[in-house]
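Numbering (our numbering), first residue to last: 205 to 503. For every residue, glycine included, the Cβ atom is placed at its ideal position computed from N, Cα and C.
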Amino acid sequence: LQSSGTEVDLKQRARWERKRSRTAKELVETEQKYLEQLDLVTTYFVTILKAKGTLQPAVREGIFGLLESIYCTSQILLLHLERGHLGLGLEGFCQKLELYGHYAENLEQAKKTLQEQVKKNKAFCRFKKLQESRPEFLGWQLEDLLPLPLQRLHHTIRSHENSMQLLRVQKLLKGQKTKVLTPERWYIQEGWLMVVPTKGEEVKRKMFFLFSDILVATKPCHPLHPLNSDKFSCQAIYPLSQCTVDKVFGHTQSQGGLLSLSFPHKTLLLMSSNQEDINNWYLNLTTAISSHHSPYEIQ
205 LQSSGTEVDL
215 KQRARWERKR
225 SRTAKELVET
235 EQKYLEQLDL
245 VTTYFVTILK
255 AKGTLQPAVR
265 EGIFGLLESI
275 YCTSQILLLH
285 LERGHLGLGL
295 EGFCQKLELY
305 GHYAENLEQA
315 KKTLQEQVKK
325 NKAFCRFKKL
335 QESRPEFLGW
345 QLEDLLPLPL
355 QRLHHTIRSH
365 ENSMQLLRVQ
375 KLLKGQKTKV
385 LTPERWYIQE
395 GWLMVVPTKG
405 EEVKRKMFFL
415 FSDILVATKP
425 CHPLHPLNSD
435 KFSCQAIYPL
445 SQCTVDKVFG
455 HTQSQGGLLS
465 LSFPHKTLLL
475 MSSNQEDINN
485 WYLNLTTAIS
495 SHHSPYEIQ
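Quick look at the structure:
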């Protein structure tokens with residue numbers, strides 16, 4: 205039986221590793237695609253317009269602003285992502301957020317300036333159409349590409365906030381065995397729940413951390429421990445890919461409720477005396493279980 209359990213565990217770890225690699229790869233590919241689009245603007249518009257002098261420098265700045273600086277920032281972020289340094293990359297990226305703030309403030313005016321130049325500057329209008337007809341543009345117009353940095357920013361900030369949550373939880377856990385900080389994982393919720401034993405043992409209060417793919421059960425370290433008094437010791441990690449969840453009670457407006465989490469080799473009964481709390485756990489668990497293959501969908 206021990207051998208069989210170990211085999212199941214190894215298979216599960218292999219699945220997680222494949223999923224982690226796949227999601228990390230998708231993250232890199234998304235950033236590469238975004239950079240390719242930005243590169244079209246910097247290479248075929250900004251750089252050539254500087255050389256040709258088709259637009260006055262002030263007008264050119266009015267349309268493209270800090271786009272070249274934003275492009276450089278994204279290049280550095282991609283370099284970190286390709287090396288698997290998500291946290292480091294996002295930390296550096298967030299130090300450059302001021303660039304995006306200025307870019308956002310100027311975007312509407314940039315669009316107006318662009319429209320004006322298309323109408324009154326025939327040389328620029330011809331140049332713009334010629335560049336947009338290149339096969340690399342895939343039918344995009346300059347107007348489509350200018351808002352891209354702000355669209356990408358929303359996703360990147362969300363990734364950064366998530367990384368900070370993962371890092372915080374990682375620091376809360378004693379030791380290095382439990383690896384919380386991985387590229388594909390999204391933090392969802394944490395809190396105290398009572399674990400109801402299936403046999404006649406006493407109910408135990410534990411701290412749970414819910415992520416997009418796992419539920420982590422922990423207990424607080426001893427309050428007098430010289431190093432870990434404010435930390436938690438990991439007791440179990442439950443993969444959501446193998447989980448179903450049901451409300452045992454808690455459907456009414458009674459005080460609290462009980463959730464039953466079923467795994468292939470274990471059933472976990474979790475209780476809270478707070479009705480809103482148990483409803484929130486139920487909602488987040490069911491959402492995570494149904495969406496664990498698409499962690500970006502989890503709010």
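With a threshold of 8 Å between beta-carbons, can threonine 471 be considered close to chain C, or not? As a matter of chain content, chain C is missing from the structure shown, which is built from one protein chain.
Hey, how far is the Cα of threonine 251 from the Cα of valine 245? 9 Å
Along the chain, where does the alpha helix (DSSP H) that runs through threonine 246 open and close? It is not in any alpha helix (DSSP H) - threonine 246 carries neither H nor E in the DSSP assignment.
Through-space distance from leucine 349 to glycine 266, alpha-carbon basis: 15 Å
Mind checking serine 498: buried by the 16 CB within 10 Å criterion, or exposed? For serine 498, the pLDDT reaches just 39, beneath the cut-off of 50, and the residue's location in the model is therefore unreliable, although a value from the coordinates is still provided. The residue is exposed, with fewer than 16 neighbouring Cβ atoms inside 10 Å.
Determine the contact status of leucine 376 and lysine 435, defining contact as a CB-CB distance below 8 Å. yes
In the structure shown, what three-state DSSP assignment does tryptophan 390 receive? coil
Nearest-angstrom beta carbon gap, phenylalanine 412 and leucine 397 [assumed within contact, 8 Å]: 5 Å
Evaluate contact between the stretch 319 to 338 and the stretch 275 to 285, counting only Cβ atoms and requiring at least three cross-stretch pairs below 8 Å. no
Proline 401 to alanine 228 span [Cα, whole Å]: 38 Å
Does arginine 409 come out as helix, strand or coil in the three-state DSSP assignment? strand
With C-beta atoms as the reference, is valine 449 less than 8 Å away from isoleucine 493? yes
Starting from the Cα of serine 437, find the closest Cα among Gly291, Thr491, Thr382 and Val263 and give me that residue. Thr382
Glutamine 393 and asparagine 310: beta carbons closer than 8 Å? no
Span of the beta strand (DSSP E) around lysine 383: From DSSP, lysine 383 is part of no beta strand (DSSP E); its letter is neither H nor E.
Buried versus exposed call for glutamine 206 [16 or more other C-beta atoms within 10 Å across all chains shown]: Interpretation of glutamine 206 is limited by its pLDDT of 46, a score under 50 that renders its predicted location unreliable; no figure is taken from the coordinates.
For the beta strand (DSSP E) that cysteine 438 lies in, which residues bound it at each end? 436 to 443
3-residue-minimum beta strand (DSSP E) runs that sit fully inside the stretch 293 to 322, ordered along the chain: none
Taking C-alpha atoms, which residue in Asn483, Val420 and Leu231 lies nearest to tyrosine 442? Val420
Cβ of leucine 474 within 8 Å of Cβ of valine 373? no
Whole beta strand (DSSP E) elements within the stretch 347 to 371, 3-residue minimum: none
Look at the Cβ atom of leucine 282, then the Cβ atom of glutamate 235, and state whether they are nearer than 8 Å. yes
Identity of the residue in Phe331, Ser477 and Leu385 nearest histidine 364 by Cα: Leu385
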